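Visitor: Residue numbering for the sequence shown follows this note's numbering, starting at 2 and increasing by one per position. Structure provided below as structure tokens; questions to follow.
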Amino acid sequence: MNLFDNVNRQFDEAADILGLSQELRELLKTPYREITVAMPIRMEDGTLRVFKGYRVQHNGVRGPQKGGIRFHPDLVLDDVRALASLNTWKTAVVNIPFGGAKGGIQCDPSKMSQHELEMLTRRYISKISMVLGPTRDVPSPDLNTNAQTMAWVLDEYGRKNGYQPACVTGKPLELGGSQGREAATGKGVAICARQAWTQVLGRDLQGARVVLQGFGNVGSFAGKFLAEMGARIVAVADHGGAVRRGEGLDVPALFAYVRQNRGTVAGFPGGEAFDPATVWAQDGDILVPAALGGVLTQATAPEVRARLIVEGANAPTTPEADRVFRERGITLIPDILANAGGVTVSYFEWVQNLQQLFWDEAEIFEKEEKILIQAFHDVEEKVKLHGCTWRTGALVLALERVKKANELRGW
Ligand code: NAD
2 MNLFDNVNRQ FDEAADILGL SQELRELLKT PYREITVAMP IRMEDGTLRV FKGYRVQHNG
62 VRGPQKGGIR FHPDLVLDDV RALASLNTWK TAVVNIPFGG AKGGIQCDPS KMSQHELEML
122 TRRYISKISM VLGPTRDVPS PDLNTNAQTM AWVLDEYGRK NGYQPACVTG KPLELGGSQG
182 REAATGKGVA ICARQAWTQV LGRDLQGARV VLQGFGNVGS FAGKFLAEMG ARIVAVADHG
242 GAVRRGEGLD VPALFAYVRQ NRGTVAGFPG GEAFDPATVW AQDGDILVPA ALGGVLTQAT
302 APEVRARLIV EGANAPTTPE ADRVFRERGI TLIPDILANA GGVTVSYFEW VQNLQQLFWD
362 EAEIFEKEEK ILIQAFHDVE EKVKLHGCTW RTGALVLALE RVKKANELRG W
């Protein structure tokens, strides 16, 4: 499976609806800039290792490039291209003034010390810093990177360029991070699930049964907010195990348990353990994949029992699985809308850093909800107009916005 091919196949469905020429398709699919760098690091055991890092800037016609930095042993350039492209469409769907980028380092952070990770992050930033900056490209955390990593990014960038907190988002609060950023993506997932379940499918969220894959940043906050909205979280699976309870899991207790238990739900006493591989087949109304890409495939899609899927993870669904869901009448709210709450609050962080004036959490969440509900309505209009899926509707909206900006700026 090639993630970039998958994203481009989804792009083509929207491009077909808009009747885009081959020339324009090529222009909008091709990343603006791709960088590969090598980082030699002297490890604590004395060996010298050379790590590979990437930064792909996909499209910056609507504003500075924006996207996460991922640390993963299997990271390849095509994944980075795919995720950069998704970010172009995501920032356009929520109509914030950013383009789409992504970066990362091929490494296994679980086998590295904090000191080695700091050296690696600094070396990576020093090698790509000439294309970064508040008006050029603004990184943020992604898989296996966090607020501490972003603090190193801020510091390393600042060595050459002076104090510029708007050069990176997802920072610790003490260094100019934003209130609400940690919970923002999960909150957005919950808002999209609520809108789809109540407004589109006309159901009641009270007691609606939710199945989650992943209980990390996105999954745990999505679960927390959905439970607060009245839904029951009936099954949760992650890398270490899975737990279910038909009457609904005690989410605050699970939240606390996972944070004290090496990040996994395995062994949680408030429910029955089950095989995480069977998560798709768990009985529920709403399914939230919030862990890995490419997990809903031709093989797993027929197992899904939910009426609604809300993509917390990036690219969890292959085009083949999309077709299965369409045929089975399962509504799917795509990643570029469902998990856009994170980049929306990253945008607020950038704005607050530029003006050096900070907002409280209530103000952040109110602004986030307003943007997401507007985006939800904008996508719904496209879905109704073209009779297409929500993924294609979101891409049509994004393509129109990026294409218009490109035309206005000229080639
Ligand atoms: P995280 O590292 O905090 O959590 C990842 C979760 O996935 C954990 O619960 C982990 O146990 C689980 N997981 C890992 N491998 C698994 C496996 N093989 N089977 C089942 N579960 C597994 O990461 P996160 O920040 O929550 O990101 C999750 C997804 O959401 C990623 O696809 C990421 O790109 C996407 N995303 C994150 C944000 C954000 O703001 N954090 C924003 C947009 C999209």
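A virtual CB, placed ideally from N, CA and C, is assigned to each residue, including glycine. All values reported here derive from a predicted model rather than from experimental measurement.
1) Identify the residues that DSSP records as bridge partners of G54: which are they?
2) What's the C-alpha gap between G388 and A223?
3) Where do the ends of the beta strand (DSSP E) carrying Q214 lie?
4) Using CA atoms only, rank isn't needed, just tell me which of A274, M131 and R137 is closest to V38.
5) Measure the C-alpha to C-alpha separation of D109 and F269 and round it to an integer number of angstroms.
6) Mind reading off the beta-carbon distance from L87 to N315? Whole number of angstroms is fine, and I expect it under 8 Å.
7) With a cut-off of 8 Å on the beta carbons, I'd call V62 and G104 a contact; round off their distance for me.
8) Only counting the same chain, and skipping five residues up and downstream in sequence, which positions put a Cβ closer than 7 Å to that of R392?
9) Please return the same chain residues whose Cβ sits closer than 6 Å to the Cβ of T146, not counting the five positions on each side in sequence.
10) Hey, out of K188, Q196, L373 and V95, whose CA is closest to G220's CA?
11) What residue does the alpha helix (DSSP H) around I192 start on, and which one ends it?
12) Looking at C-alpha atoms only, which residue of T301, V154, H59 and G181 is the closest neighbour of K91?
13) Ligand 1: which residues have Cβ under 5 Å from any of its heavy atoms, chain order?
14) Starting from D138, follow its DSSP beta bridges and name the residues at the other end.
15) Please report how far the alpha carbon of R124 lies from the alpha carbon of G54, in whole angstroms.
16) Going by other Cβ atoms of all chains shown within 10 Å of its Cβ, with 16 needed for buried, is S111 buried or exposed?
17) Assuming the contact rule is C-beta atoms closer than 8 Å, G2 and T301 should be a hit. Round their C-beta distance to whole Å, please.
18) Measure the CB-CB distance between A148 and G178 and report whether it falls below 8 Å.
19) Hey, could you find the ends of the beta strand (DSSP E) P253 is sitting in?
20) By Cβ distance, which residues of its chain are closer than 7 Å to Q353, with the 5 residues on each side in sequence left out?
21) Please return the same chain residues whose Cβ sits closer than 7 Å to the Cβ of A267, not counting the five positions on each side in sequence.
22) Kindly identify the DSSP beta-bridge partner or partners of L333.
23) Please report the straight-line C-alpha distance between A395 and D205, rounded to a whole angstrom.
24) Do you know offhand how far P41's Cα is from I129's?
25) Suppose the cutoff is 7 Å on Cβ atoms and the five residues either side in sequence are ignored; what does the same chain contact list for C193 look like?
Guide: Answer, in terms of the structure:
1) Looking up residue 54 in the sequence shown gives position 53. Beta-bridge pairing links G54 to V38 and I106.
2) Your numbering for residue 388 matches position 387 in the sequence shown. Your numbering for residue 223 matches position 222 in the sequence shown. Whole-angstrom Cα-Cα distance: 29 Å.
3) As a working mapping, residue 214 is identified with position 213 in the sequence shown. The continuous beta strand (DSSP E) containing Q214 extends over residues R210 to Q214.
4) Within the sequence shown, numbered from 1, the residue matching residue 38 stands at position 37. Checked all of A274, M131 and R137; the closest Cα to V38 is M131.
5) Within the sequence shown, residue 109 is the residue found at index 108, counting from 1. Within the sequence shown, residue 269 is the residue found at index 268, counting from 1. A straight line joining the alpha-carbon of D109 with that of F269 spans about 27 Å.
6) Looking up residue 87 in the sequence shown gives position 86. Looking up residue 315 in the sequence shown gives position 314. Yes, they are in contact, since the Cβ atoms of L87 and N315 sit about 6 Å apart, within 8 Å.
7) By 1-based counting over the sequence shown, the position of residue 62 is 61. By 1-based counting over the sequence shown, the position of residue 104 is 103. With a Cβ gap of about 19 Å, V62 and G104 do not count as contacting.
8) Translated into positions along the sequence shown, residue 392 becomes position 391. Taken in chain order, the residues that qualify are Q11, D323, L333 and P335.
9) Taking the sequence shown and counting its residues from 1, one reaches residue 146 at position 145. Contacts found: I70 and F72.
10) By one-based count along the sequence shown, residue 220 stands at place 219. It is K188 whose Cα lies nearest to the Cα of G220.
11) Here residue 192 refers to the residue found at position 191 when the sequence shown is read from its first residue. R182 to R195 is the extent of the alpha helix (DSSP H) around I192.
12) Working through the sequence shown from its first residue, we reach residue 91 at position 90. Selected option, being the one with the closest Cα: H59.
13) Result: T186, G215, F216, G217, N218, V219, D239, H240, A292, A314, N315, N340 and G343.
14) The sequence position of residue 138 within the sequence shown is 137, counting from 1. According to DSSP, which records beta bridges pairwise, D138 is partnered with Q66 and G134.
15) Mapped onto the sequence shown, residue 124 falls at position 123. Mapped onto the sequence shown, residue 54 falls at position 53. Taking the Cα positions, R124 is about 10 Å away from G54.
16) Position 110 of the sequence shown, counted from the first residue, corresponds to residue 111. Using a 10 angstroms sphere on the CB of S111, the tally of other CB atoms stays under 16, which defines it as exposed.
17) The count along the sequence shown starts at 1 and reaches residue 2 at position 1. The count along the sequence shown starts at 1 and reaches residue 301 at position 300. For the record, residue 2 in the displayed sequence is Met; it is not Gly. Not quite, the Cβ-Cβ distance comes to about 13 Å (not below 8 Å), so this is no contact.
18) For the purposes of this step, residue 148 is taken as residue 147 along the sequence shown, with counting starting at 1. For the purposes of this step, residue 178 is taken as residue 177 along the sequence shown, with counting starting at 1. A contact, by the Cβ cut-off of 8 Å.
19) As a first step, residue 253 must be located in the sequence shown, where it is residue number 252. Element bounds for P253: not the beta strand (DSSP E) but the alpha helix (DSSP H), V252 to Q261.
20) Locating residue 353 in the sequence shown gives position 352, where the first residue counts as 1. Cβ neighbours of Q353 beyond the five flanking positions: S179, F359 and W360.
21) Indexing the sequence shown from 1 puts residue 267 at position 266. In the same chain as A267, and ignoring 5 residues on each side of it, the C-beta atoms closer than 7 Å to its own belong to G241 and G242, in chain order.
22) Taking the sequence shown and counting its residues from 1, one reaches residue 333 at position 332. Paired residue(s): I310.
23) Numbered from 1 along the sequence shown, position 394 holds the residue referred to as residue 395. Numbered from 1 along the sequence shown, position 204 holds the residue referred to as residue 205. Whole-angstrom Cα-Cα distance: 25 Å.
24) Within the sequence shown, numbered from 1, the residue matching residue 41 stands at position 40. Within the sequence shown, numbered from 1, the residue matching residue 129 stands at position 128. For P41 and I129, the distance between alpha carbons rounds to 15 Å.
25) On the sequence shown, position 192 is the one that residue 193 refers to. Only V311, I334, L338, A339, L373 and F377 meet the Cβ criterion.
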